[in-house]
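A.B. asks: Structure below; questions to follow.
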Amino acid sequence: QTRYWQTHNYDPVVGRYYDIEKEDEYHKQKDALETVQGSCQVARLPPSIQYSEGSGYNILSHSVKDEQKLALASGVGNRAMKSKKGPVIEAEIRERAEELDRLVETRTMARISNTAPAREREQGRHHGYDMITNE
223 QTRYWQTHNY
233 DPVVGRYYDI
243 EKEDEYHKQK
253 DALETVQGSC
263 QVARLPPSIQ
273 YSEGSGYNIL
283 SHSVKDEQKL
293 ALASGVGNRA
303 MKSKKGPVIE
313 AEIRERAEEL
323 DRLVETRTMA
333 RISNTAPARE
343 REQGRHHGYD
353 MITNE
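Given below as structure tokens:
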């Protein structure tokens, strides 16, 4: 009988533990689990549903449930508006890049034109005395 009580501490007919302290501990753990029940279910949802506006505040009463989620949801809306500005910003960047390319090309041509072969092509070769013009 001692071996039986070492391994059997739960009465399946009545549905409770034989030891009252163990029964109280079981109810405390059960109450603690009930407080967090369902939180894992929200974590398994996709981010678009987790951080939607409806999860941040109550739609009917307009009371805020979770300030952090509401801030994230409004940030997503701001990102959507900023994405519409993309082509304008890209056009500005392209204009700046083209202007920089023109500037680099102008500087390159100016460097080349100051070299001796380029001057000779433009002005002709002058090696001091010219026998034809007697200069």
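Just so we're aligned, residue 223 is where the sequence shown starts under this note's numbering, counting upward by one. Cβ coordinates follow ideal geometry from the N, Cα and C atoms, glycine included.
#1: Under 9 Å between the Cβ atoms of residue 283 and residue 295?
#2: Looking at the unbroken alpha helix (DSSP H) that takes in residue 256, where does it start and where does it end?
#3: Between residue 240 and residue 233, which are expected to be in contact by the criterion C-beta below 8 Å, what is the C-beta distance as a whole number of angstroms?
#4: How would you write the range of the alpha helix (DSSP H) that residue 223 sits in, first residue to last?
#5: Give me the Cα-Cα distance between residue 289 and residue 297, rounded to the nearest whole angstrom.
#6: Using a Cβ-Cβ cutoff of less than 7 Å, which residues in the same chain neighbour residue 331 once the five nearest sequence positions on both sides are dropped?
#7: Determine the DSSP secondary structure at residue 352, reduced to helix, strand or coil.
#8: Less than 8 Å between the CB atoms is what I'm expecting for residue 279 and residue 270, so what's the real figure, rounded?
C.D. replies: The relevant details are as follows:
#1: Going by C-beta atoms, residue 283 is not nearer than 9 Å to residue 295.
#2: Run containing residue 256: 242-258, per the alpha helix (DSSP H) assignment.
#3: Between residue 233 and residue 240 the Cβ distance is about 6 Å, and since that is below 8 Å, they are a contact.
#4: In the DSSP assignment, residue 223 falls outside any alpha helix (DSSP H), carrying neither H nor E.
#5: Cα to Cα, the separation comes out at about 12 Å.
#6: Setting aside the 5 residues that flank it on each side, residue 331 has no residue in the same chain whose C-beta is closer than 7 Å to its C-beta.
#7: Look at residue 352 here: in three-state DSSP terms it is coil, with no helix or strand label.
#8: Approximately 17 Å separates the beta-carbon atoms of residue 279 and residue 270; this is outside 8 Å, ruling out the contact.
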